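A.B. asks: Take this structure, written in structure tokens, and hold onto it; I'll ask about it next.
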């Protein structure tokens with residue numbers, strides 16, 4: 006009886022193994038048959054035309070833009086059911102300029118009685134351009150997200166209407182990024198001499214960013230900053246501004262929004278003015294040389310645990326000027342401020 010049981014158990018295990026292998030093979034074949042890839046390329050005839058590239062993007066697919074040492078423009082489209090992509094690439098060389106028009110629309114397909122989402126590995130379009138570009142202009146009416154990385158052009162200008170924009174590993178002399186109805190994200194390692202970020206209806210998020218002079222403006226959206234340095238101008242109409250480790254100098258204005266600053270890196274000069282919003286600063290280190298002046302019409306002002314509108318310690322090499330019409334002002338941090346004086 007035991008031998009018979011062991012025999013059938015062995016047969017059962019072998020059947021499961023064989024069936025599992027067969028299922029895996031079938032799944033891979035099915036996945037491959039439901040994945041569509043398309044490659045389009047253009048070989049550049051005159052390298053001089055790559056100095057300035059105008060890239061026009063359209064469609065609702067997601068684009069990934071990057072550069073490489075090549076004399077080609079390459080567009081790779083990849084989709085898997087139930088999503089399909091219809092992509093096209095057009096390149097024109099004229100007047101020492103390269104004009105690239107890339108379009109990709111995604112569409113969801115449905116088959117009666119079949120669920121195809123298990124084969125979905127996402128859909129996206131990657132577009133590779135020569136790294137010899139010195140001036141790169143990106144615009145169009147694309148409605149998906151646009152990811153830009155590994156770009157070292159001297160001048161990078163991006164203007165979109167309804168697209169989210171992500172930047173990673175950018176090294177330029179001048180950077181201008183604008184989107185009307187979308188989010189603007191700088192993820193890490195973006196370095197530039199001058200920079201301008203602007204949205205109308207969307208948030209701005211900056212991480213690990215450095216520029217000599219830069220600005221961030223949002224009409225109806227928040228601004229989030231995590232580790233940035235340079236001389237900055239930040240402005241919102243209807244949105245909050247939150248920063249951690251902001252180094253350099255900063256001028257902050259807001260109509261209907263609050264401002265908060267945290268971390269060990271604090272601007273040498275900070276000027277904040279908001280009409281209807283609170284102002285909150287929290288330093289993680291003791292500030293030995295600082296001058297603080299606050300003014301609020303319809304709110305409280307607290308500096309290091311005391312209700313006051315001015316504070317000075319040391320030579321005052323750091324200066325904070327904080328103003329709000331309708332809001333509270335709070336400056337807090339580690340203790341040991343007994344040497345500070347009210348001005």
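In my numbering, the protein residues as written are 6 to 348. Idealized CB from N, CA, C, for every residue including glycine. Just so you know, these numbers come straight off a predicted model, no measurement behind them.
#1: With three or more beta-carbon pairs closer than 8 Å as the criterion, would you say the stretch 251 to 268 touches the stretch 292 to 307?
#2: Pick from 169, 210, 149 and 140: whose alpha carbon is nearest that of residue 180?
#3: Assuming contact is defined by CB atoms lying nearer than 9 Å, are residue 191 and residue 161 in contact in what I supplied?
#4: Could you say if the stretch 148 to 163 and the stretch 60 to 69 meet the contact criterion of at least three C-beta pairs nearer than 8 Å?
#5: Buried or exposed, going by whether 16 or more other CB atoms sit within 10 Å of the CB of residue 67?
#6: If you compare alpha carbons, which of 321, 239 and 42 is closest to residue 89?
#7: In whole angstroms, what is the alpha-carbon distance linking residue 337 and residue 286?
#8: Please classify residue 239 as buried or exposed, where buried requires at least 16 other C-beta atoms within 10 Å of its C-beta.
#9: Could you check where the beta strand (DSSP E) with residue 52 kicks off and where it finishes?
#10: Taking just the CA atoms, how far does residue 276 sit from residue 259?
#11: Strictly by DSSP, which residues pair up with residue 247?
#12: In three-state DSSP terms, what is residue 235?
#13: Distance check for residue 318 and residue 246, CA to CA, integer angstroms please.
#14: Would you call residue 1 buried or exposed, if buried means 16 or more other Cβ atoms sit within 10 Å of its Cβ?
#15: Does residue 141 come within less than 9 Å of chain D when only Cβ atoms are used?
#16: Residue 313 bridges to which residues according to DSSP?
#17: Could you compute how far the alpha carbon of residue 34 sits from the alpha carbon of residue 187?
#18: Measure the C-alpha to C-alpha separation of residue 248 and residue 144 and round it to an integer number of angstroms.
#19: Suppose contacts are defined by Cβ-Cβ distances below 9 Å. Is residue 93 in contact with residue 108 by that definition?
#20: With the cut-off set at 9 Å, would you say residue 4 and residue 157 are in Cβ contact?
#21: Report buried or exposed for residue 310, applying the criterion of at least 16 other Cβ atoms within 10 angstroms of its Cβ.
#22: In terms of alpha-carbon separation, which member of 97, 50 and 135 lies closest to residue 75?
#23: According to DSSP, is residue 135 helix, strand or coil?
#24: Please look up how many angstroms separate the CB atoms of residue 131 and residue 81, rounded, as I've assumed it's under 8 Å.
#25: If you reduce the DSSP assignment to three classes, tell me which class residue 361 lands in.
#26: Can you name, in chain order, every residue of its own chain whose Cβ lies under 7 Å from the Cβ of residue 262, other than the five neighbours on each side?
C.D. replies: Reading off the structure:
#1: The stretch 251 to 268 vs the stretch 292 to 307: no contact.
#2: Of 169, 210, 149 and 140, the smallest CA-CA separation from residue 180 is found for 140.
#3: For residue 191 and residue 161, no; Cβs fall outside 9 Å.
#4: yes
#5: buried
#6: For the residues 321, 239 and 42, the minimum Cα distance to residue 89 belongs to 42.
#7: 6 Å
#8: With 16 or more other CB atoms across the displayed protein chains lying within 10 angstroms of its CB, residue 239 is buried.
#9: That residue, residue 52, is in no beta strand (DSSP E); it is neither H nor E in DSSP.
#10: The alpha-carbon atoms of residue 259 and residue 276 are separated by roughly 12 Å.
#11: 229 and 265
#12: Strand.
#13: 27 Å
#14: Examination of residue 1 is not possible in this model, given that the chain is present from 6 through 348 alone.
#15: Of the protein chains in this structure there is only one, and it is not chain D.
#16: For residue 313, which the question treats as bridged, DSSP gives no partner whatsoever.
#17: Interpretation of residue 34 is limited by its pLDDT of 45, a score under 50 that renders its predicted location unreliable; no figure is taken from the coordinates.
#18: 29 Å
#19: yes
#20: Residue coverage of the chain in this structure runs from 6 to 348, which leaves residue 4 outside it and unanswerable.
#21: exposed
#22: 135
#23: strand
#24: Indeed they touch by this definition, with Cβ atoms about 5 Å apart.
#25: No answer is possible for residue 361: the residues shown for the chain start at 6 and end at 348.
#26: 241, 243, 244, 245, 246, 279 and 282
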